[in-house]
Each structure stands twice: as structure tokens, then as C-alpha cells.
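First comes the structure, then the notes that go with it.
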Amino acid sequence: ALDTIDTATGEPAKAIHQRSDVCAVAPAAVVAQAMVALTLADALLEKFGGDSVVEVKRNIDAFEASIPDAQR
């Protein structure tokens, strides 16, 4: 058991429960997914940025309208 302290008394104690994760891939996947989402959002705002969501949406709509139908 790991060394810890008793939070009620402040005395040294042994931890009864400890983490025993055998693989950090699942938690890392959640972090990686969030980072990808943030990176994509940052790129979208860099390309179509504005001062409000309405302005960003308008910029995206204008960009999509500028693409010829044959390329959509």
C-alpha cells in the first residue's frame, strides 16, 4: 500500500485504495480527441474568423457559395 495521510487526523497512514490502471490508452484517447477538436476549431477560426458566431457562419456560407457547383 502507498503511504498517505489520514485527512481527519493528519497522521501518516497507508492508502487502502490505489489506482491499478494497466493501460492509459483509453484516457489518452479522450485527451487526443479533445486536442484534435481544439486544433480544428482553431484552424476554422483562423480561416473564417470573426467577432461572433454569426459572423463566422456568414463567412463560411460566403466561402461555400464561392465554390462552383461542379466542385462540390
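Numbers in the numbering used here are just positions in the sequence shown, counted from 1, shifted up by 37.
Think of the CB as a built atom: it goes at the ideal place given N, C-alpha and C, for glycine as much as any other residue.
Nothing here was measured: the structure is a model prediction, and the numbers come from that model.
If the five residues before and after Phe100 are omitted, its C-beta is found closer than 7 angstroms to the C-beta atoms of Phe85, all from its own chain and listed in chain order. In the structure shown, the three-state DSSP call for Ala50 is strand. Shown here, Ile104 sits in coil according to DSSP, grouped into three states, outside any helix or strand. Thr41 sits in a strand when the DSSP states are folded into three classes. Val59 carries a coil assignment under DSSP once its states are collapsed to helix, strand and coil.
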